[in-house]
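Asks:
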Amino acid sequence: DWVLSLAPRLCGYCAKAVPDDCDGACGPEFDLDRYCVRCGRRLVVSMNPVKAIGRCKVHGLECA
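Numbering (our numbering), first residue to last: 4 to 67.
1) To the nearest angstrom, report how far apart glycine 30 and cysteine 17 are at their CA atoms.
2) Express the C-alpha separation of cysteine 14 and glutamate 65 in angstroms, rounding to a whole number.
3) With leucine 46 and glycine 57 assumed to form a contact (beta carbons below 8 Å), what rounded beta-carbon distance in angstroms separates them?
4) Per DSSP, what are the beta-bridge partners of arginine 58 in this structure?
5) Can you tell me whether tyrosine 38 is helix, strand or coil according to DSSP?
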């Protein structure tokens, strides 16, 4: 985990480095992130009537 903490944080909507290439405000306010903020991979999205959850295949991180 300490190696991942040294890696640049990525935008969850466009997968560009924050704050160098993206200010983090490129996506709509209530839209779910599309990319993992650690590795930049596409998230797997699960939807139910109450909420939508995006999960990284590698890290298992959830973005609700």
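Note that CB positions come from ideal geometry on N, CA and C, so glycine has one too.
In this text the structure is predicted, and so the values were computed from the model without any measurement.
Replies: By the coordinates alone:
1) 8 Å
2) 14 Å
3) 4 Å
4) Val47 and Glu65
5) strand
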